[in-house]
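*Asks:*
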Amino acid sequence: MDKPLSACDGPGMFIKSSSEGIRQKSSSSCNPVQLWFCSAWRFRPVLLAAVMALLAGCSSPTDKQPAASVFRYSNIDEPRRLDPAFVKDYYEGVVAGWVYEGLTRFGKGTDVEPALAGKWEVSDDGRTYVFHLREAKFSTGAPVRAADVRYSFTRVLRPETGSDRKWVLNRIEGADEVVSGTTKELRGLETPDERTVRITLKSPYPVFPTLLAMPNAAIVPEGSAGTTTMSTPLDRAPVGSGPWVFDKWMQGQRLEFHRNDAHWGGAPKIERLIYHVQVDDNVRRREFEIGNLDYYEVSFAVFPAWSHDAEKAKRMLPLQELRSDFLAFNNASPKFADRRVREAVAHGINTRSIFENLQLGRGKLAHGPVPPGIAGYRENVKPREYDPERARALLAESGALGMEISLWYRDEALWSEIVKAAKSDLEKVGLKVSLVPRDLASLRAGVWDGKPDMYLGSWTLDYPDMENAMVPPFHSRNIPRQGNGSRFRNEDVDKLLDAAQSEKDPAARIAKFQTAEDKIIAECPWVFLFHRRTDIMVSPRTKGFEPAAMYNANRFDDVEVRQTPAN
25 MDKPLSACDG PGMFIKSSSE GIRQKSSSSC NPVQLWFCSA WRFRPVLLAA VMALLAGCSS
85 PTDKQPAASV FRYSNIDEPR RLDPAFVKDY YEGVVAGWVY EGLTRFGKGT DVEPALAGKW
145 EVSDDGRTYV FHLREAKFST GAPVRAADVR YSFTRVLRPE TGSDRKWVLN RIEGADEVVS
205 GTTKELRGLE TPDERTVRIT LKSPYPVFPT LLAMPNAAIV PEGSAGTTTM STPLDRAPVG
265 SGPWVFDKWM QGQRLEFHRN DAHWGGAPKI ERLIYHVQVD DNVRRREFEI GNLDYYEVSF
325 AVFPAWSHDA EKAKRMLPLQ ELRSDFLAFN NASPKFADRR VREAVAHGIN TRSIFENLQL
385 GRGKLAHGPV PPGIAGYREN VKPREYDPER ARALLAESGA LGMEISLWYR DEALWSEIVK
445 AAKSDLEKVG LKVSLVPRDL ASLRAGVWDG KPDMYLGSWT LDYPDMENAM VPPFHSRNIP
505 RQGNGSRFRN EDVDKLLDAA QSEKDPAARI AKFQTAEDKI IAECPWVFLF HRRTDIMVSP
565 RTKGFEPAAM YNANRFDDVE VRQTPAN
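Under the working numbering, the first residue of the sequence shown is numbered 25, with each subsequent residue one higher.
1) So what's P90 in DSSP terms, helix, strand or just coil?
2) Under 8 Å between the Cβ atoms of V202 and R174?
3) Tell me which residue opens and which closes the alpha helix (DSSP H) that L521 is part of.
4) When burial is assigned at 16 or more other CB atoms within 10 Å of the CB, is S448 buried or exposed?
5) Which word fits N404, buried or exposed, when buried means at least 16 other C-beta atoms lie within 10 angstroms of its C-beta?
6) Report the rounded CA-to-CA distance for P496 versus S440, giving the unit in angstroms.
7) How about D486: is its Cβ closer than 7 Å to a heavy atom in the ligand GTP?
8) Determine, using beta carbons only, whether L106 and E125 come nearer to each other than 8 Å.
9) I'd like the list of long-range same chain contacts for A73, defined as Cβ closer than 7 Å, with 5 residues on each side in sequence excluded.
10) Please report how far the alpha carbon of T224 lies from the alpha carbon of E214, in whole angstroms.
11) Taking only the alpha-carbon atoms, compute the straight-line gap between A540 and G372 and give it to the nearest angstrom.
12) Name the DSSP bridge partner or partners of L213?
13) How many whole angstroms separate the CB atoms of G264 and A242, which I take to be in contact at a CB cut-off of 8 Å?
14) Which of the three DSSP states, helix, strand or coil, is assigned to F232?
15) Go ahead and label I592 buried or exposed: buried means 16 or more other beta carbons lie within 10 angstroms of its beta carbon, across all protein chains shown.
16) Are the beta-carbon atoms belonging to Y319 and S98 less than 8 Å from one another?
17) Give me the residue from V119, R416, V457 and G481 with the minimum Cα distance to K272.
18) According to DSSP, is T10 helix, strand or coil?
19) Touching or not, the stretch 545-562 and the stretch 253-260, by the rule of three or more beta carbon pairs under 8 Å?
20) Taking the CB atoms as reference points, tell me whether T484 and L341 lie closer together than 8 Å.
21) Using the three-state DSSP reduction, which class does F371 fall into: helix, strand or coil?
22) State whether the stretch 129-143 contacts the stretch 352-368, with contact taken as three or more CB pairs (one from each stretch) at a distance under 8 Å.
23) Measuring alpha carbon to alpha carbon, tell me which residue in P167, W432, V457 and L438 is nearest G474.
24) Considering D11, what are the terminal residues of the beta strand (DSSP E) in which it resides?
25) If you draw a straight line from the C-alpha of V180 to the C-alpha of S187, how long is it?
26) Count the CB pairs spanning the stretch 527-541 and the stretch 386-401 that are closer than 8 Å, and state whether there are at least three.
27) Buried or exposed, going by whether 16 or more other CB atoms sit within 10 Å of the CB of M574?
28) Whole beta strand (DSSP E) runs in the stretch 131-171 with 3 or more residues, listed along the chain?
29) Do three or more CB pairs link the stretch 190-198 to the stretch 233-240 at distances below 8 Å?
30) Looking at the secondary structure, which residues open and close the alpha helix (DSSP H) in which P342 lies?
31) Quick one: give me the first and last residue of the beta strand (DSSP E) that T558 is part of.
32) Would you tell me roughly how many angstroms separate the C-alpha atoms of E491 and L521, rounded to the nearest one?
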């Protein structure tokens with residue numbers, strides 16, 4: 025899902041327009057866009073006044089008598105594309121998880137479980153995986169075959185497809201030749217029979233099944249995507265094997281689905297699923313409160329009151345996001361070549377105050393790039409302390425007192441408050457800070473061009489692993505468009521990350537990544553702020569909903585509703 029300023033064509037580009045952060049001064053509040061520096065997943069804000077007015081004026085989600093059981097999901101934005109080869113933002117990922125499936129899938133937590141592959145084996149050297157397909161069917165009724173897997177994977181890698189999500193599958197042997205156009209066949213993928221897929225990797229990679237749970241590794245029927253790239257048949261009429269079957273899309277309003285009665289895991293408990301698009305949080309909240317919606321992500325505007333309302337607080341379902349918010353330095357700039365200057369800035373910003381007073385304590389104060397919920401996250405690592413005296417001393421030692429800094433940020437309500445607080449703190453310790461608000465496109469372009477001295481960003485994981493929290497944003501090979509927008513370059517960190525990635529033993533792998541994280545924290549390429557939490561409410565008539573950690577794992581196949589309107 026997205027991160028502020030990550031690479032559009034690199035790991036981690038899911039952008040989510042938050043349904044939170046309603047701290048606008050006007051009464052018509054829109055949510056700030058979460059720039060998820062994607063390792064994925066995360067950035068399509070829909071904040072046009074005309075669109076807001078149009079949607080706010082639409083009829084309510086329900087104006088008919090109760091009929092078939094339906095769950096009415098709602099969010100601030102809608103997908104742009106539904107072809108899995110091109111899915112890369114939060115909203116696209118949500119819908120992809122309903123319609124498509126891969127060989128594996130994410131469970132409710134960060135675990136990976138069998139999906140279209142009922143089981144698999146791994147060779148002793150860790151390079152070869154043999155997947156055994158279930159007796160599953162696409163929504164067309166056609167069986168899922170090994171040839172469909174070969175088609176789906178090869179298509180993502182072929183240059184004529186135009187997908188920028190090739191990195192998801194580029195560890196397969198022969199992927200480089202397909203990407204370059206040297207060959208059209210992926211030699212590392214074999215199909216001995218219709219129910220068996222053998223995949224050989226370039227080198228051992230123990231979290232390969234995790235990558236296969238991402239939307240870009242979803243399996244589609246052979247030949248179903250056509251030959252166009254800008255818009256394919258799957259974009260407007262997706263065909264998959266997931267628990268939900270696509271019905272129709274009323275752009276700017278809603279997407280509708282009916283349950284897949286032939287799903288290998290059993291049909292969902294409800295008959296229909298509707299994705300309502302509503303830009304204005306005030307409208308979305310009102311529709312939820314009067315019973316016209318079944319799903320609502322609690323905004324900052326109402327969180328203080330609702331969290332102190334016993335009945336509402338009891339119904340809130342907390343979801344710790346796999347995301348890090350940060351202030352990044354331009355580490356290639358002479359201004360921050362001296363680590364003492366970076367440390368001074370980190371000591372000079374009261375991150376705890378920002379977390380408690382602006383983020384309202386929703387989540388976890390960050391001490392490093394790895395978010396809670398990931399194997400290897402450490403509770404016992406303390407955040408760098410707010411120490412303005414130490415900050416001023418370091419600036420004096422390094423000759424940086426009075427230095428001017430430009431701080432770029434996405435021009436949204438919560439982001440604006442964060443940078444204003446940082447500016448106030450830094451000017452108290454002897455720095456001069458100019459705030460530079462930008463729209464998303466300008467901000468991203470500026471970061472890629474190395475223009476800001478600092479910028480406010482966030483990084484949300486594409487897949488739940490320490491690797492994804494550190495390799496895209498901190499390995500020098502990913503400067504700047506593959507995730508490392510801060511231009512951090514450290515030979516020791518590169519070596520540590522490379523060693524951790526190739527380690528086969530799970531415990532040793534985590535230990536190596538933790539060593540790399542310690543080095544990253546010590547070098548201070550970012551000021552680590554916090555890891556966000558989202559609070560979700562579902563309607564009282566809903567039973568069985570449990571929020572999933574991964575964006576494409578809320579499948580709503582185990583949810584029950586008592587009685588709901590037809591629309």
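From the three backbone atoms N, C-alpha and C, an ideal C-beta is built for every residue, glycine too.
*Replies:* Answer, in terms of the structure:
1) As a working note, residue 90 is residue 66 in the sequence shown. Unreliable placement is indicated for P90, whose pLDDT of 42 sits below 50; the coordinate value is still reported in the next sentence. DSSP places P90 in strand when its eight states are reduced to three.
2) Against the sequence shown, residue 202 aligns to sequence position 178. Against the sequence shown, residue 174 aligns to sequence position 150. No.
3) Within the sequence shown, numbered from 1, the residue matching residue 521 stands at position 497. Where L521 is concerned, the enclosing alpha helix (DSSP H) stretches over E515 to S526.
4) As a working note, residue 448 is residue 424 in the sequence shown. S448 should be labelled exposed.
5) Position 380 of the sequence shown, counted from the start, is the residue given in the question as residue 404. Counting Cβ neighbours within 10 Å, N404 comes out exposed, since fewer than 16 surround it.
6) Translated into the one-based positions of the sequence shown, residue 496 becomes position 472. Translated into the one-based positions of the sequence shown, residue 440 becomes position 416. One C-alpha to the other measures close to 26 Å.
7) Here there are no bound small molecules, and the ligand GTP is not part of this structure.
8) Start at 1 with the first residue of the sequence shown, and residue 106 comes out as number 82. Start at 1 with the first residue of the sequence shown, and residue 125 comes out as number 101. Cβ distance not < 8 Å, so L106 and E125 don't count as in contact.
9) Here residue 73 corresponds to residue number 49 of the sequence shown, with the count starting at 1. In this prediction, A73 has a pLDDT of 39, which is less than 50 and means its spatial position is unreliable; what the coordinates show is noted afterwards. Nothing listed; no residue qualifies.
10) On the sequence shown, position 200 is the one that residue 224 refers to. On the sequence shown, position 190 is the one that residue 214 refers to. So the alpha carbons of these two residues sit roughly 9 Å apart.
11) One-based indexing of the sequence shown puts residue 540 at position 516. One-based indexing of the sequence shown puts residue 372 at position 348. Going from the Cα of A540 to the Cα of G372 covers about 25 Å.
12) For the purposes of this step, residue 213 is identified with residue 189 of the sequence shown, where counting begins at 1. Beta-bridge pairing links L213 to I223.
13) Position 240 of the sequence shown holds residue 264. Position 218 of the sequence shown holds residue 242. With a Cβ gap of about 6 Å, G264 and A242 count as contacting.
14) Taking the sequence shown and counting its residues from 1, one reaches residue 232 at position 208. Helix at F232.
15) Beyond the ends of the chain as shown, which are 25 and 591, falls residue 592; an answer cannot be given.
16) Here residue 319 refers to the residue found at position 295 of the sequence shown. Here residue 98 refers to the residue found at position 74 of the sequence shown. The answer is yes: Cβ separation under 8 Å.
17) Along the sequence shown, read from residue 1 onward, the residue named residue 272 stands at position 248. Residue V119 is the option with its Cα nearest to K272.
18) Outside the modelled stretch of the chain, which goes from 25 to 591, sits residue 10, for which no answer is possible.
19) no
20) Taking the first residue of the sequence shown as 1, we reach residue 484 at position 460. Taking the first residue of the sequence shown as 1, we reach residue 341 at position 317. Cβ atoms of T484 and L341: not closer than 8 Å.
21) Here residue 371 refers to the residue found at position 347 of the sequence shown. It should be pointed out that residue 371 corresponds to His in this sequence rather than to Phe. The answer is helix: DSSP assigns H371 an H, G or I state.
22) no
23) Working through the sequence shown from its first residue, we reach residue 474 at position 450. Here the closest residue by C-alpha is W432.
24) The structure shown has nothing for residue 11, since the chain only spans 25 to 591.
25) Locating residue 180 in the sequence shown gives position 156, counting from the first residue. Locating residue 187 in the sequence shown gives position 163, counting from the first residue. Going from the Cα of V180 to the Cα of S187 covers about 6 Å.
26) yes
27) Within the sequence shown, the letter at position 550 stands for residue 574. Label assigned to M574: buried.
28) 136-138, 141-146 and 152-157
29) yes
30) Position 318 of the sequence shown, counting from 1, holds the residue named residue 342. From DSSP, P342 is part of no alpha helix (DSSP H) but of the beta strand (DSSP E) over L341 to Q344.
31) Taking the first residue of the sequence shown as 1, we reach residue 558 at position 534. Taken as a continuous stretch (DSSP letters only), the beta strand (DSSP E) holding T558 covers W550 to V562.
32) Your numbering for residue 491 matches position 467 in the sequence shown. Your numbering for residue 521 matches position 497 in the sequence shown. Each residue's Cα considered, the two are about 8 Å apart.
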